[in-house]
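Input: a single structure, listed below in structure tokens.
In mature numbering (1 follows the signal peptide of the UniProt record, and there is no 0), the protein residues as written are -16 to -1, 1 to 285.
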């Protein structure tokens, strides 16, 4: 957890409230697990009870929704692994093996750092975030800045504003163009294909509403079954069954009512086209976005 502590020490408080802010109870659970004494295979009753109390106060669905809202959906796989290991420790009081918990915590730590970096570097989101605590900080007096600039004979307010607006517009256009290029490269298409998500022994009915060569977006029609299967998503590979074609996959993110999966092996264009023929609507290209588009999901479902 040292990297997490350093991360928050490096971010000003006002900025940390809006950027890369995982749920406090999740960080508390990770801190509790990292404080367990090393070299001990069995936990004391007090430590088991403490972990159990933290888990009882957690709502997995709400926590994953909070990660999605904060732009940290890339944390989902490591968070599910962390919750599964915490539940195992609370229920059994024993470690799976001497190094497994350390591996889970290290992966969570690294995933958090990566997710924060990705969230910060996302062009459009960064522009929005910079409205508070950055280039467009509300605390900056642009008139005072221009006055000083004019006093030194460097540049006027109009030039400053023109430069800022031009730079902003260029980045937004570049971001939109980049997403469309990625959509074409990975042949990402909106569709509506009846599918079944296979998690351990559970079969969850739903729809694949986006299909690319590398993965898909799954909309469960049985939300209760999907929520019940959340702990199993951390156990390893799942599979998406599209009308008899079973594709091994791993969960990559959960966005509200939908979940993203990455295929263990990317589809060929021929295989993707064959699957898209099963769509009940005409497939069409869709650019890659950050998070789910509620309007698009409603339209496709």
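Even for Gly, the Cβ is constructed at its ideal location relative to N, Cα and C.
Sequence-distant residues of the same chain with beta carbon closer than 7 Å to residue i, five excluded per side
i	result
residue 99	56, 58, 59
residue 171	196, 197, 253, 256
residue 270	167, 172, 173, 174, 194
residue 165	Residue placement at residue 165 is flagged as unreliable, the pLDDT there being 48, under the threshold of 50; the coordinate-derived value follows with that caveat. Taken in chain order, the list of residues that qualify is empty.
Cβ-Cβ distance between residue i and residue j below 8 Å
i	j	result
residue 178	residue 227	yes
residue 232	residue 223	yes
residue 10	residue 63	yes
residue 96	residue 27	no
residue 41	residue 5	no
residue 238	residue 52	yes
residue 245	residue 236	yes
8 Å CB neighbourhood of residue i in its chain, flanking five on each side removed
i	result
residue 191	176, 177, 178, 179, 202, 203, 205, 284, 285
residue 71	39, 215
residue 266	none
residue 230	182, 223, 224
residue 211	44, 45
residue 85	17, 20, 69, 73, 79
Residue i versus residue j - alpha carbon distance
i	j	result
residue 182	residue 193	17 Å
residue 187	residue 242	16 Å
residue 173	residue 250	15 Å
residue 110	residue 7	Confidence at residue 110 is low in this model, with a pLDDT of 46, below 50, so the placement of that residue is unreliable and no value is reported for it.
residue 48	residue 17	19 Å
residue 67	residue 36	11 Å
residue 258	residue 200	15 Å
residue 25	residue 184	27 Å
residue 77	residue 260	48 Å
residue 263	residue 221	25 Å
residue 12	residue 94	17 Å
residue 81	residue 29	19 Å
residue 83	residue 213	26 Å
residue 50	residue 240	9 Å
residue 268	residue 189	23 Å
residue 234	residue 101	22 Å
DSSP-derived helix/strand/coil call for residue i
i	result
residue 7	coil
residue 211	helix
residue 190	strand
residue 17	helix
residue 236	strand
residue 248	coil
residue 205	coil
residue 243	strand
residue 225	strand
residue 177	strand
residue 199	strand
residue 78	strand
residue 172	coil
residue 27	coil
residue 42	coil
residue 182	strand
residue 231	strand
Integer-rounded CB distance, given that residue j should sit under 8 Å from residue i
i	j	result
residue 34	residue 20	Actually they do not touch by this definition, with Cβ atoms about 10 Å apart.
Same chain, Cβ closer than 6 Å to residue i, five either side skipped, listed in chain order
i	result
residue 91	62
residue 22	none
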